[in-house]
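Q: Just so you know, the working numbering puts 227 at position 227 of the sequence shown, and the rest follows in order with no gaps. C-beta: ideal position from N, C-alpha, C; glycine also. Quick one: structure below, then a few questions.
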Amino acid sequence: MEGAMRRLIRRTFWTVAGSLFGITLLLVWAMVSLRVPARLPPPTGPHAVGRMEFDWIDQSRLDPLSPGKQNREIDVFLWYPAERPGTRRATYLRDNWRRNLGLPFPWPTYIGIQTHSWEDASAIRTEGAPWPVVILSHGRGEVPVEYTSLAEQLASDGYIVASPANTYAGPTVVFPDGRIVKSEDDTSDLGRLLDACAGDIGTVLKQLAMLNEDSRSVFFQRIDLKRAGIVGHSWGGAASAEFCSADDRCTAGVDLDGGLYGGAAHKGIPKPFLFLLGEGTPPYWLRAKMLVQPGLKAKWDELKKDEAAGYLIACNSSPKCRVERLGGVRHLNFGDLGILFRRPLYWMHPMLGRVGGEEGVKITRQKLSEFLNRWVRQHS
Numbered sequence: 001m002e003g004a005m006r007r008l009i010r011r012t013f014w015t016v017a018g019s020l021f022g023i024t025l026l027l028v029w030a031m032v033s034l035r036v037p038a039r040l041p042p043p044t045g046p047h048a049v050g051r052m053e054f055d056w057i058d059q060s061r062l063d064p065l066s067p068g069k070q071n072r073e074i075d076v077f078l079w080y081p082a083e084r085p086g087t088r089r090a091t092y093l094r095d096n097w098r099r100n101l102g103l104p105f106p107w108p109t110y111i112g113i114q115t116h117s118w119e120d121a122s123a124i125r126t127e128g129a130p131w132p133v134v135i136l137s138h139g140r141g142e143v144p145v146e147y148t149s150l151a152e153q154l155a156s157d158g159y160i161v162a163s164p165a166n167t168y169a170g171p172t173v174v175f176p177d178g179r180i181v182k183s184e185d186d187t188s189d190l191g192r193l194l195d196a197c198a199g200d201i202g203t204v205l206k207q208l209a210m211l212n213e214d215s216r217s218v219f220f221q222r223i224d225l226k227r228a229g230i231v232g233h234s235w236g237g238a239a240s241a242e243f244c245s246a247d248d249r250c251t252a253g254v255d256l257d258g259g260l261y262g263g264a265a266h267k268g269i270p271k272p273f274l275f276l277l278g279e280g281t282p283p284y285w286l287r288a289k290m291l292v293q294p295g296l297k298a299k300w301d302e303l304k305k306d307e308a309a310g311y312l313i314a315c316n317s318s319p320k321c322r323v324e325r326l327g328g329v330r331h332l333n334f335g336d337l338g339i340l341f342r343r344p345l346y347w348m349h350p351m352l353g354r355v356g357g358e359e360g361v362k363i364t365r366q367k368l369s370e371f372l373n374r375w376v377r378q379h380s
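As structure tokens, then:
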């Protein structure tokens with residue numbers, strides 16, 4: 001009897017010790033992965049990529065989200081085709097902005113990430129047609145630079161890509177002069193938020209038109225606003241759909257795994273439009289809850305059924321509108337976060353799919369390029 005007890009104690013000891021060792025090893029691996037910067041995939045187009053940052057105030061538009069009555073102000077990142085690489089690589093995200101985001105562990109720190117764009121690169125001034133435009137809107141919990149991999153690819157292919165930070169409707173915004181604007185706490189009025197973000201798309205197009213008409217601008221007569229692709233991810237995708245359902249300045253649009261919250265689901269989108277969606281399966285933590293709460297699966301299925309119906313209604317107004325789901329791709333695979341979350345943290349994240357971060361970005365780049373080249377670049 002004593003021998004059996006000793007063997008049981010020994011087995012228990014080694015099981016616990018092995019588990020603790022495994023957990024410690026996993027935590028050390030996770031900490032190391034956070035310290036080693038991820039590498040963004042280089043753009044594959046024929047052009048070098050420049051990047052600028054603008055602080056734009058729309059004098060014709062009051063800010064619907066500001067606590068006081070003031071004109072809408074947005075910080076905008078602009079990627080563009082450049083003559084040649086510059087001498088100063090663009091910083092992924094300014095330190096004063098990064099420090100004020102309050103990113104929780106184990107979120108990537110954005111420290112040391114090397115971009116493939118240049119702050120001092122000269123915009124291409126060759127003769128020929130001006131460049132088509134892409135407006136790239138971020139998700140509510142993200143900042144514009146988290147789609148750098150997409151923006152750099154499009155710019156290297158010959159698009160001017162502008163990405164606004166939606167003041168008050170997303171994370172903290174830090175303007176170039178150091179002013180800090182925190183997110184609006186009251187996010188219950190989705191209609192007001194959606195109108196503000198869709199309005200930011202219009203503001204960016206208006207400011208680009210001013211750059212195009214300014215003889216002092218490096219973009220003088222280089223921007224073709226008659227060829228404007230409106231792209232967004234998550235909440236930004238909903239804003240893109242809303243804008244394209246109501247504004248003729250949209251040539252074509254893409255919603256990357258975003259829902260429909262505004263009039264687009266009822267009025268439809270009369271333009272070429274692509275809903276590019278993740279696989280739509282519940283994350284592992286929700287699947288585990290479904291095992292003990294069977295009613296959750298029925299609610300999930302009903303939610304997805306209503307969501308699919310909304311996309312189809314939005315597409316009823318245009319034969320050039322379609323819905324495509326990507327197997328193995330989840331919500332955060334459409335931008336840089338799938339790459340910035342290194343293993344083992346990648347495996348633990350419920351919003352990252354089995355395709356892997358690099359492959360998710362590769363697929364998104366390919367789908368975006370195919371759609372925009374057909375419906376925006378070739379538009380006349």
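(1) Measuring only the C-alpha atoms, how far is Met351 from Leu332?
(2) Identify, in the order they occur along the chain, each residue of the same chain with its Cβ nearer than 6 Å to the Cβ of Pro282, setting aside the five sequence neighbours on each side.
(3) Would you mind listing the beta strand (DSSP E) stretches within the region 203-271 that are 3+ residues and don't spill past its ends, in chain order?
(4) Ends of the beta strand (DSSP E) at Ser117?
(5) Got a sec, what are the start and stop residues for the beta strand (DSSP E) Glu53 sits in?
(6) Let's test the definition: count the other Cβ atoms within 10 Å of the Cβ of Lys271 and tell me whether it reaches 16, buried, or not, exposed.
(7) What is the DSSP secondary structure of Ala402, counted as helix, strand or coil?
(8) Rounded to the nearest angstrom, what separates Val376 and Gly158 at their Cα positions?
(9) I need the straight-line Cα distance from Glu152 to Gly178, nearest angstrom please.
(10) Quick check on Leu190: buried or exposed, where buried means 16 or more other Cβ atoms within 10 Å of its Cβ?
(11) Just tell me which of Arg140, Ser117, Leu154 and Leu193 has its CA closest to the CA of Val133.
(12) So what does Arg72 bridge to, in DSSP terms?
(13) Would Glu279 and Leu326 be called neighbours here (beta carbons separated by less than 8 Å)?
(14) Compare the Cα-Cα distances from Cys321 to each of Gly253, Gly357 and His379 and report the closest residue.
(15) For Glu242, count neighbouring Cβ atoms within 10 angstroms of its own Cβ and tell me buried if that reaches 16, exposed if not.
(16) First and last residue of the alpha helix (DSSP H) that includes Trp97?
A: According to the structure shown:
(1) To locate residue 351, count along the sequence shown from 1; it is residue 351. To locate residue 332, count along the sequence shown from 1; it is residue 332. Each residue's Cα considered, the two are about 6 Å apart.
(2) Position 282 of the sequence shown, counted from the first residue, corresponds to residue 282. Closer than 6 Å at Cβ, skipping near neighbours: Trp300.
(3) 223-233 and 252-256
(4) The count along the sequence shown starts at 1 and reaches residue 117 at position 117. Unbroken beta strand (DSSP E) run through Ser117: Gln114 to Trp118.
(5) As a first step, residue 53 must be located in the sequence shown, where it is residue number 53. Glu53 -> beta strand (DSSP E) spans Ala48 to Leu62.
(6) On the sequence shown, residue 271 is found 271 positions in, with the first residue counted as 1. Classification of Lys271: buried, given that the 10 Å Cβ count is 16 or more.
(7) Any question about residue 402 goes unanswered here, given that the chain covers just 1 to 380.
(8) Counting from one through the sequence shown, the residue named residue 376 turns up at place 376. Counting from one through the sequence shown, the residue named residue 158 turns up at place 158. Distance between the alpha carbons of Val376 and Gly158 is about 12 Å.
(9) Position 152 of the sequence shown, counted from the start, is the residue given in the question as residue 152. Position 178 of the sequence shown, counted from the start, is the residue given in the question as residue 178. Spanning the two alpha carbons is a distance of roughly 26 Å.
(10) Residue numbering aside, residue 190 sits at position 190 when the sequence shown is read from its first letter. Leu190 comes out exposed.
(11) The residue you call residue 133 lines up with position 133 of the sequence shown. Considering only alpha carbons, the answer is Leu154.
(12) As a position in the sequence shown, residue 72 is number 72, starting the count at 1. According to DSSP, Arg72 bridges with Asp58.
(13) Along the sequence shown, one-based indexing puts residue 279 at 279. Along the sequence shown, one-based indexing puts residue 326 at 326. A contact, by the Cβ cut-off of 8 Å.
(14) Reading the sequence shown from its first residue, position 321 is the one you call residue 321. Comparing Cα positions, the closest option is Gly253.
(15) Residue numbering aside, residue 242 sits at position 242 when the sequence shown is read from its first letter. Looking at its Cβ environment, which holds 16 or more other Cβ atoms inside 10 Å, Glu242 is buried.
(16) The sequence position of residue 97 within the sequence shown is 97, counting from 1. First-last of the alpha helix (DSSP H) with Trp97: Asp95 to Arg99.
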